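Reviewing the structure listed below.
In this note's numbering, the protein residues as written are 4 to 49.
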């Protein structure tokens with residue numbers, strides 16, 4: 004499972020701990036901490 008990090012606030016989205024893999028999230032997904040869009044997340048681990 005992959006891990007993604009918000010490039011603005013550092014929030015970690017870990018596929019192994021969420022119900023929906025990051026790649027399957029709708030494009031309207033916003034960071035739950037700072038509200039930045041999905042496009043601001045960077046993959047940091049496979």
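From the three backbone atoms N, C-alpha and C, an ideal C-beta is built for every residue, glycine too.
From a predicted model like this one, the values you see are computed outputs, not experimental measurements.
For residue 38, the closest of 7, 11, 4 by C-alpha to C-alpha distance is 11. Looking at the backbone, the Cα of residue 4 and that of residue 48 are separated by about 8 angstroms. Here residue 48 carries a strand assignment [DSSP, helix/strand/coil]. For residue 9, the enclosing beta strand (DSSP E) starts and ends at 6-9. Judged by DSSP secondary structure, residue 16 falls within the beta strand (DSSP E) whose first and last residues are 15-17.
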